[in-house]
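> What follows is a structure written as structure tokens; I'll ask about it next.
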Amino acid sequence: MTAFNFHFVVCLVTALSLSSNIYSALAARHLLQSSQPVQPALPTIPTLPKATLPPLPAMPNLPTATLPPLPSTPLPTLPTNPSLPKPTLPPLPTSMPTIPNVGLPPLPASSFPTMPSIPTIPTTMPSFPFLSPPPSN
């Protein structure tokens, strides 16, 4: 139902746009065939007085800020870290351990079915007796 409504709206819009083109073409032809209207004289614009701005005030001198001196007390020293004994790791093994052999189970004895062969495509056109020309005498 919505597809029908959509197609109906599309057809309606198409018909309206095509019919409006006919009237716009007729209006353009009418404008081309009519004489030019007389342009009214434009009124003159009076000259306006030039606006004068007052001068900008002078920039006042700002006082310079003085910063207090930094304190001269020395910073306290950080305490030293105590020395810790180095951790020891156990020795690495010198030989690799043996990995046990895991045997796979035997495959089942049943075989897969054979694939059917693909027939060959003929490359010659067969002859039909009713399409061949008649024998000549």
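In case it helps, mature numbering (1 follows the signal peptide of the UniProt record, and there is no 0) puts the sequence shown at residues -27 to -1, 1 to 110. Virtual Cβ for every residue (Gly too), placed ideally from N, Cα, C.
#1: Give the secondary structure of residue -23 by DSSP, where H, G and I count as helix, E and B as strand, and everything else as coil.
#2: Between residue 99 and residue 106, what straight-line distance do the alpha-carbon atoms span, to the nearest angstrom?
#3: In the structure shown, what three-state DSSP assignment does residue 75 receive?
#4: Take residue 63 and list the residues in its own chain whose beta-carbon comes closer than 8 Å to its own, dropping the five residues that flank it on each side.
#5: Give the DSSP-derived three-state secondary structure of residue 46 in the structure shown.
#6: Straight-line CA distance for residue -11 to residue 16?
#7: Can you find a C-beta in chain D that's less than 8 Å from the C-beta of residue 98?
#8: By the three-class DSSP mapping on this structure, what secondary structure does residue -1 have?
Here's the rundown:
#1: In the structure shown, residue -23 sits in a helix (DSSP, three-state: H, G or I).
#2: When rounded, the distance between both Cα atoms is 15 Å.
#3: It is coil, neither helix nor strand.
#4: Nothing meets the Cβ criterion.
#5: Assigned with DSSP and collapsed to three states, residue 46 falls in coil, not helix or strand.
#6: Residue -11 and residue 16: Cα-Cα distance of roughly 41 Å.
#7: Of the chains in the structure shown, none is chain D; there is only one protein chain.
#8: Annotated three-state conformation of residue -1 is helix, per DSSP.
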